[in-house]
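Worksheet: one structure, shown below.
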Amino acid sequence: MNPLNKIGIQCNNIENAVAFYEKALGMQVVERFPIKYEQDYVYLQSGESIIELMPNTSETRAQIHHLSFSSSNIRKDADRLTKNKVTTTKEPFAVGVANIKLAFFLDPSGTNIQLYERQQPNIKPKSDTK
Numbered sequence: 000m001n002p003l004n005k006i007g008i009q010c011n012n013i014e015n016a017v018a019f020y021e022k023a024l025g026m027q028v029v030e031r032f033p034i035k036y037e038q039d040y041v042y043l044q045s046g047e048s049i050i051e052l053m054p055n056t057s058e059t060r061a062q063i064h065h066l067s068f069s070s071s072n073i074r075k076d077a078d079r080l081t082k083n084k085v086t087t088t089k090e091p092f093a094v095g096v097a098n099i100k101l102a103f104f105l106d107p108s109g110t111n112i113q114l115y116e117r118q119q120p121n122i123k124p125k126s127d128t129k
């Protein structure tokens, strides 16, 4: 199996979502696919991670619980999001294990956005050594 390619998020308004992910989270649009009679599909990138914003075309849909963005200073990043009028659902807090701190916000379509700070390096999967 190859690494995760991208995460698709259905949005009620693509342009509002693009503005949020660019301005609030510092992501960059890397590709845009105009679709006749629909809103565009848009790929945004942060580091090696890609999300795909796509139009919400149904009344019922599966939902993503949250997208998690790494932070080296969760308080500073949370303050910046708050200043940009991003809806806060949970202020930064210590989880109580593994030196992890979290904070939660909402994107314009209501998707949970998590800020994740960990004082030690992220755990990486073991590579196969045959």
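With numbering that gives the first Met the number 0 as the guide, the letters of the sequence shown map in order to residues 0 to 129. Don't be surprised by glycine CBs; every beta carbon is placed ideally from N, CA and C. Note that the structure is predicted; figures quoted are calculated from it, not measured.
Item	Value
Is Phe19 near Pro107, with beta carbons less than 8 Å apart?	yes
Three or more C-beta pairs under 8 Å: does that hold for the segment 19 to 31 against the segment 73 to 86?	yes
From what residue to what residue does the beta strand (DSSP E) around Lys89 run?	87 to 93
Contact between the segment 28 to 36 and the segment 63 to 78 is defined here as three or more beta-carbon pairs at a separation below 8 Å; is this criterion met?	no
Assuming Thr110 and Ile8 are in contact, meaning their beta carbons sit under 8 Å apart, how far apart are those beta carbons, in whole angstroms?	6 Å
Do you know offhand how far Ala93's Cα is from Glu37's?	42 Å
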